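Under our numbering, the first residue of the sequence shown is numbered 878, with each subsequent residue one higher. Following: one structure in structure tokens, then a few remarks.
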Amino acid sequence: MPMMHLPRGFLRTTADAFRPKTIIDTLFDYGTFLNKNPSIASDSRNTQLEVLVIGGGAAGLSAAYELSKIKNSSGKPALKITLAEATDRLGGRMDSQIYLDPGYKNKIFELGCMRFPPTSTTLYHYFNEFGIPTTPNFPDPGKVPTTLYYMNDVYTWPAGQDTPDSPLFKRLGQGFKQIITYLLGDPDAINYSVPSKLFDFWAIYDKTPTETNKAAVVKAWQIMIDRYKDTTFYTGIFQLARNPAIMQKLDLWTTDDMNAFGALGVGSGGFSPLFPINFLEIIRLFANGWEDNQELVADGIVTLVNAFEKRLIANGVDIRLNQPLTFANDPTNIYFPPSNTICWEDTNKPGYRVKLKDGTEKFFNAIVVATTTRAMELMNLTVPRKATDNLRVQYLSKTPQAAVGIRNLNIISSSKLFVLTKKKFWYSKNNRFKRDLVQNIQTDGLFRGLYCLNYDGDSQQDGKGVVLISYVWGDDSDRLLAMSAQERYEHFLEVIKQIDPDFAKALEENRITGNDATDPWKAGRNYIDWQDTPYQYGAFKLNYPGQEANCHDVFFQYQTPNPTIKYPQNIFLAGDSVSWAGGWLEGALPTGINAACAVSQCLEQHVATGNPLNIGASMYQYDKPPVI
């Protein structure tokens, strides 16, 4: 997720040692639930029901995997799972483009997911289960030698320092830290109307999860919801940065300060694409610890995809690629669906009749839709249906709220551009300048953030190099759509020449070009625009002000049956865009588990105790009048 990637130790609050096992919006520990329950459910019957999972991203993979482990009374799989993916590969935004580097680790373009906070307990459960190692080698700003470029001025940021060598960015960093600390962890904050002991309350609950301790956390976060659910990030930050009681001995921010904060944050990357986003989304990032100690997967996040696929095949899951699907518009086609169509079928055991692209027609007792919300909308999932005789064709169980939520939730754009180099030229031994060059550049210009990646480990300076030359999101990403990869590179190179001419020369001298058979540009897999990617239609969900209630309705859809039809509704949603953690695998994976538990319950299996079906949907309130 392209967020603030602040340096280690940025937040040194009273809750420094606290790393939550739960997400603040659910307070459910998925990692512990999975560790305690090798199978999420069991079935005392000797049956094998059919389940369709649509979408082979993280949510679809986790849903299919957990469902495939459920056994019946004969010890055989209780469910026959079909996993239908619209594209020619599994993984969704877990998309690693890998290039061979003989004698060294392969070189990886992580086109999607690339940084993983250890507070992602569900994700790390699967890392541990599948034996996938992680490493803290991601070159975030300040962790490695970094250069900032703002208003045509160059600033240095030596590795290991909390802030750059700049009075402006030191002051912004101190101010932002004061704001976050005030909101989450300062027991001595004065004149506050939000409890700044949230971390303290939460740490107590994390250690002793009683209802009394939970109530303290819920009360604290509810006050945060009430105050900030309708506030933009820009407004929220600027108001707090203009409050003397919060800033205390620090200078109050000006409009110029907000311009610098939008351009480069606290030196760690531009925040301006996030200015229109709900401020509560930003607070949530820090509350959940997603901006601290981020790691990478040295062999690429595709290793998680491959591990899931291997287990799914071993468990008998029928994986079907290149199978785009849509829900029928015409309920008269319930018995003879056209190709690529899903139709509700009113039988003694209601479910869905599906006709795949290859002509295969099959009846499914339940369906998990694990796509982006934009894909759900284009699948006709949110189209209102009319009653036909005694059949009401409604595909969403919590209508109309869930359908409205799917249509409303904001999906943000994101773009990346990579370069493969002959050497890791940023090390002194590998360039003609005989000195170490910077490994991270942050700018207020179009390419925003540049990262030099070393998948061989910090001590290994040989082998090919990978440069993520541009990582942008929001409006900055949309601005690039009309430019080819080559045009983007040429434009960015000219800016780099102004910032660091030696770095630009070394990059050009080492960039693998079309004369090399390994040139990744020939295959067109050196860049990505997620908003222009079929079946994705964007990178990740970030709520606008006022969309918290929409997010709640979509997330808890898995718990709510549809009272307008005579049978339990057998369709459930999953994916990071229906979660509280859009853009994070820790958002996608739990929704897959939610959907799997809901399917199991719907099909009258025995779901393991302590499951997420019992997460309190009414724990927080999002429709209360705003705090004035």
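We put the beta carbon where it would ideally sit given N, CA and C, even for glycine. All values reported here derive from a predicted model rather than from experimental measurement.
For Val1349, which residues of its own chain have a beta-carbon under 6 angstroms away from its beta-carbon, when the five flanking residues on both sides are left out? Within the sequence shown, residue 1349 is the residue found at index 472, counting from 1. Correct list, in chain order: Ser1292 and Arg1325.
Buried or exposed: Asn1427, going by 16 or more other Cβ atoms within 10 Å of its Cβ? Taking the first residue of the sequence shown as position 1, residue 1427 is located at position 550. Here Asn1427 is buried: its Cβ has 16 or more other Cβ atoms, across all protein chains shown, within 10 Å.
Can you give the Cα-Cα distance for Leu1490 and Gln1436, rounded to whole angstroms? Residue numbering aside, residue 1490 sits at position 613 when the sequence shown is read from its first letter. Residue numbering aside, residue 1436 sits at position 559 when the sequence shown is read from its first letter. The alpha-carbon of Leu1490 is positioned some 6 angstroms away from that of Gln1436.
Please confirm whether Val1095 has its beta-carbon closer than 8 angstroms to some beta-carbon of chain C. The structure shown contains no chain C, having only a single protein chain.
Length of the line joining the Cα atoms of Val1315 and Arg1388: Against the sequence shown, residue 1315 aligns to sequence position 438. Against the sequence shown, residue 1388 aligns to sequence position 511. Just so you know, the alpha carbons of Val1315 and Arg1388 end up roughly 17 angstroms apart.
Less than 8 angstroms separating the beta-carbons of Tyr1412 and Ala1252? Here residue 1412 is taken as the residue at index 535 of the sequence shown, counted from 1. Here residue 1252 is taken as the residue at index 375 of the sequence shown, counted from 1. In this structure, Ala1252 lies closer than 8 angstroms to Tyr1412 by Cβ.
Taking DSSP as the reference, what is the three-state secondary structure of Ser1477? Here residue 1477 corresponds to residue number 600 of the sequence shown, with the count starting at 1. When DSSP states are grouped into helix, strand and coil, Ser1477 belongs to the helix group.
For the region 1167-1174 against the region 984-992, are there 3 or more C-beta pairs whose distance is under 8 angstroms? Below 8 angstroms, enough C-beta pairs join the region 1167-1174 and the region 984-992 to call them touching: three or more.
Could you name the residues of the same chain whose beta carbon sits closer than 7 angstroms to that of Asn1308, not counting the 5 residues immediately before and after it, in chain order? Working through the sequence shown from its first residue, we reach residue 1308 at position 431. Here Asn1308 has Phe1302, Leu1314 and Ala1383 as same chain residues with Cβ atoms under 7 angstroms from its own Cβ, once five neighbours each way along the sequence are excluded.
Unbroken alpha helix (DSSP H) runs of length 4 or more, entirely within the region 945-1026: which are they? Complete alpha helix (DSSP H) runs here, min 4: 998-1007.
With C-beta atoms as the reference, is Leu1233 less than 8 angstroms away from Ala1137? The sequence position of residue 1233 within the sequence shown is 356, counting from 1. The sequence position of residue 1137 within the sequence shown is 260, counting from 1. When the beta-carbon positions are compared, Leu1233 and Ala1137 stay at least 8 angstroms from each other.
Report the three-state DSSP secondary structure of Ile1389 (helix, strand or coil). To locate residue 1389, count along the sequence shown from 1; it is residue 512. Ile1389: coil per DSSP, three-state reduction.
Does the Cβ of Met1028 have 16 or more other Cβ atoms within 10 Å, making it buried, or fewer, making it exposed? Within the sequence shown, residue 1028 is the residue found at index 151, counting from 1. That one is exposed.
If you check the beta carbons only, do Ser945 and Asn923 fall under 8 angstroms apart? The count along the sequence shown starts at 1 and reaches residue 945 at position 68. The count along the sequence shown starts at 1 and reaches residue 923 at position 46. Between Ser945 and Asn923, the C-beta gap is not smaller than 8 angstroms, which leaves the two residues out of contact.
Hey, Asp965 and Asn1199: beta-carbon distance below 8 angstroms or not? For the purposes of this step, residue 965 is taken as residue 88 along the sequence shown, with counting starting at 1. For the purposes of this step, residue 1199 is taken as residue 322 along the sequence shown, with counting starting at 1. Their beta carbons are under 8 angstroms apart, which means Asp965 touches Asn1199 by this criterion.
Nearest to Ile1196 (by Cα), restricted to the options Thr1203, Val1182 and Gly1334: Here residue 1196 refers to the residue found at position 319 when the sequence shown is read from its first residue. Taking only the C-alpha atoms, the option nearest Ile1196 is Val1182.
Three-state secondary structure (DSSP) at Asn923? The residue you call residue 923 lines up with position 46 of the sequence shown. Reduced to three states, the DSSP call for Asn923 is coil.
Count the C-beta pairs between the region 1015-1028 and the region 1138-1149 that are closer than 8 angstroms, then say yes if the count reaches three, no if not. Enough Cβ pairs lie closer than 8 angstroms, so yes.
Report the rounded CA-to-CA distance for Val1431 versus Gly952, giving the unit in angstroms. Residue 1431 sits at position 554 when you count from the first residue of the sequence shown. Residue 952 sits at position 75 when you count from the first residue of the sequence shown. Val1431 and Gly952: Cα-Cα distance of roughly 35 angstroms.
Starting from Gly1228, trace the beta strand (DSSP E) both ways and give me its first and last residue. Within the sequence shown, numbered from 1, the residue matching residue 1228 stands at position 351. Gly1228 -> beta strand (DSSP E) spans Gly1228 to Lys1232.
Proximity winner among Trp1457, Ala1465, Phe1449 and Ala1494, relative to Leu1480 (alpha-carbon distances): As a first step, residue 1480 must be located in the sequence shown, where it is residue number 603. Of Trp1457, Ala1465, Phe1449 and Ala1494, the smallest CA-CA separation from Leu1480 is found for Phe1449.
So which of Gln925, Ala936, Ala963 and Asn1005 has the shortest CA-CA distance to Pro912? The residue given as residue 912 occupies position 35 in the sequence shown. This sequence places Asn at residue 912; Pro is not what is there. The shortest C-alpha separation from Asn912 is found at Asn1005.
Extent of the continuous beta strand (DSSP E) to which Lys1301 belongs: Here residue 1301 corresponds to residue number 424 of the sequence shown, with the count starting at 1. It is not in any beta strand (DSSP E) - Lys1301 carries neither H nor E in the DSSP assignment.
Using C-beta distances below 6 angstroms, list every residue in its chain close to Leu1151, excluding the 5 sequence neighbours before and after it, in chain order. By 1-based counting over the sequence shown, the position of residue 1151 is 274. Excluding five sequence positions before and after Leu1151, the CB atoms of its chain that fall closer than 6 angstroms to its own CB belong to Phe1110, given in chain order.
Determine which residues share a DSSP beta bridge with Val1246 and list them. Translated into positions along the sequence shown, residue 1246 becomes position 369. According to DSSP, which records beta bridges pairwise, Val1246 is partnered with Ile931 and Leu1450.
Can you give the Cα-Cα distance for Tyr1311 and Ile1376, rounded to whole angstroms? Locating residue 1311 in the sequence shown gives position 434, where the first residue counts as 1. Locating residue 1376 in the sequence shown gives position 499, where the first residue counts as 1. Correcting the residue identity first, residue 1311 is Lys in this sequence and not Tyr. Going by the C-alpha atoms only, they are around 19 angstroms apart.
Decide if Pro915 is buried, meaning its Cβ has at least 16 other Cβ atoms within 10 Å, or exposed. One-based indexing of the sequence shown puts residue 915 at position 38. Exposed.
Report buried or exposed for Asn1488, applying the criterion of at least 16 other Cβ atoms within 10 angstroms of its Cβ. For this step, residue 1488 is matched to residue 611 along the sequence shown. Buried.
Name the residue from Lys982, Asp1235 and Ile1318 whose alpha carbon lies nearest to the alpha carbon of Pro1018. Counted from its first residue, the sequence shown places residue 1018 at position 141. The shortest C-alpha separation from Pro1018 is found at Ile1318.
Inside the region 1297-1359 only - alpha helix (DSSP H) runs reaching at least 4 residues: Qualifying alpha helix (DSSP H) stretches, in chain order: 1352-1356.
Rounded to a whole number of angstroms, what is the C-alpha to C-alpha distance between Tyr1414 and Ser1347? Sequence index remark: in the sequence shown, residue 1414 carries index 537 (1-based). Sequence index remark: in the sequence shown, residue 1347 carries index 470 (1-based). Our two residues, Tyr1414 and Ser1347, have alpha carbons roughly 20 angstroms apart in a direct line.
Just verifying my parser: in three-state terms, what is the DSSP assignment at Asn1471? As a first step, residue 1471 is located in the sequence shown; it is residue number 594 there, counting from the start. Helix.
Asn1285 bridges to which residues according to DSSP? Here residue 1285 refers to the residue found at position 408 of the sequence shown. Per DSSP, none; premise fails for Asn1285.
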